[in-house]
Amino acid sequence: MPNLSVLKSTFFCLFLLLSSCKGRTQTHDTITVVSEKETDKKIIVAANRTHEYLPLLENKSVGVVANPTSVIFKDEGYIHLVDSLLSHQIEIKKVFAPEHGFRGKADAGELVNDELDKKTGLPIFSLHGKNKKPSKELLEDLELLVFDIQDVGVRFYTYIATLQLVMEACAENNIPIIVLDRPNPNGHYVDGPTMQKKHTSFLGMTTIPLVYGMTIGEYAQMLNGESWLSDGIKADLTVISLENYTHQTAYSLPIRPSPNLPNDISINLYPSLGLFEGTHINAGRGTEFQFQRYGASFLDSVAYDFSYTPKPNFGAKYPKEEGKTCFGKDLSSQRRMDSISLKWLLDAYSNSLDKSKFFKTDSFTKHSGTTKLQKQIESGLTEEEIKMSWQEELEAFKQIRKKYLLYE
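Using my numbering, the first residue of the sequence shown is number 606, and each one after it goes up by one.
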């Protein structure tokens, strides 16, 4: 028969071990949502808080800015926001679609056409075609606009540019706008070069860092509060907030936010590898590991033991280096990062066989927001030296950011 004192000691040790693990989340190569069992507090996206916004929509002619991420989560699966609103007899007049379209099938940068939604019969008007801002004519039959799109917290990810132009259009036409907030998977840090005014474009319309550490609802408040809309006008803005969210809460997106961000690793690496979009380097487009690898046929094959060949696929009809053997690095096991890394960009530049053709200068400037970064790389500055040059502007932005944070 087992010794009773030994059993008691064993159970006590197990109790201490389990207690010490309570509330922790394991760190894997992917971002993991803090589970309900561990915290007893599940993140609730604003779209799920129907009691907060449905009363505001009743008896109104409504427009919705949405894409495939605009969903209400259920115990099993989810329902699209548009379908939910229609089921509550909300009068939706039209839907506006950002880059990649309402159903999310268009390539990055590809123009999106107006169309009819096959499921609902609603007219869909593109905000990523010849017009990126809703016209007065498109808004004249609306009394209110709802904006609900999952962002990833990177300046050149164009959904925040769409938000800004939609807010401007609403302000100019006296139409209230409701933003349904969602978590920012890169909301746990602020980093990167700050956009210079003279280089603003649809890839960055305001003087914010590359990674700005705000939810889309917080950012909407900043656009209003800092008078960053055209001519300093202000939108009649309502933000429906999240529940049980902090900026340090790891959040795994259940739906890919765009065709080339398929998982948590790609989203976390996007601020760093997205800078390759302004070069001739392939960053995984044309493979199943978008923004989880990089390479090119003109990188020194001796320096790398990894290679791959980009081919047309979903989200990348014409990938860079299509059909060519690309030498580079596989980052698909990269652990979660809390800052931008320049080491891969510097590595690729260092191992380029023709440095004169490495950058697509105009595009790189638009992505980085400044001409400085390319010059710093070409001058041979280290990552530490480059990042030190960002610090003064980052600190100034953080002081502005504080005013608009809704979450810790």
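Don't be surprised by glycine CBs; every beta carbon is placed ideally from N, CA and C.
Every value quoted in this text rests on a predicted model; they were computed, and no experiment measured them.
In this chain, the alpha helix (DSSP H) harbouring GLY830 covers 821-830.
For the pair ASP756 and SER944, the CB atoms are not nearer than the 7 Å cut-off. DSSP places ARG760 in the coil class of the three-state scheme, outside both helix and strand. Beta-bridge analysis with DSSP links LEU732 to no other residue. At the C-beta level, PRO673 and LYS699 stay beyond 7 Å of one another. Note on geometry: alpha-carbon atoms of VAL759 and THR970 lie some 15 Å from one another. If you check the CB distance, SER957 and SER877 do not come in under 7 Å. The DSSP-derived three-state label of PHE752 is strand.
According to DSSP, ALA901 shares a beta bridge with PHE932. In this model, MET800 and LEU951 are separated by some 20 Å (Cα to Cα). Residue environment: VAL907 is assigned as exposed (fewer than 16 neighbouring CB atoms within 10 Å of its CB, all protein chains considered). When DSSP states are grouped into helix, strand and coil, LYS699 belongs to the strand group.
Sorting GLU926, PRO924, GLN939 and LEU904 by C-alpha distance to the C-alpha of PHE932 places LEU904 at the top. By the criterion of a C-beta distance shorter than 8 Å, GLU893 is surrounded in its chain by PRO867 and ASN918, once the five residues flanking it on both sides are discounted. Around the beta carbon of SER973, a 10 Å sphere encloses 16 or more other beta carbons of the protein chains shown; the residue is thus reported as buried. When rounded, the separation of the alpha-carbon atoms in HIS733 and ASN718 is 8 Å. By the CB criterion at 7 Å, LEU749 and VAL844 fall outside the cutoff. The way I'd put it, the segment 923-932 does touch the segment 884-901; three or more beta-carbon pairs between them come closer than 8 Å. Exclusion of the five residues before and after LYS839 leaves ALA776, ASN829 and SER832 as the residues of its chain whose Cβ lies within less than 8 Å of its Cβ. Here the alpha carbons of SER863 and THR811 stand approximately 22 Å from one another. By the 16-neighbour rule on beta-carbons within 10 angstroms, GLN694 is exposed. When the alpha-carbon of LYS735 is set against those of GLY726, ILE783, GLU704 and LYS723, the nearest one is in GLU704. Rounded to the nearest angstrom, the gap between the Cα atoms of LYS1003 and TYR794 is 10 Å. In this structure, SER846 sits near ASP786, with a CB-CB distance shorter than 7 Å.
No Cβ-Cβ contact shorter than 7 Å links LYS934 with PHE964. DSSP places VAL844 in the strand class (E or B) of the three-state scheme. Here the alpha carbons of LYS647 and PHE678 stand approximately 12 Å from one another. In this structure ILE780 is not in contact with MET772, their Cβ atoms being roughly 10 Å apart against a cut-off of 8 Å. Taking 7 Å as the cut-off, the beta carbon of VAL751 is found closer than this to the beta carbon of VAL669.
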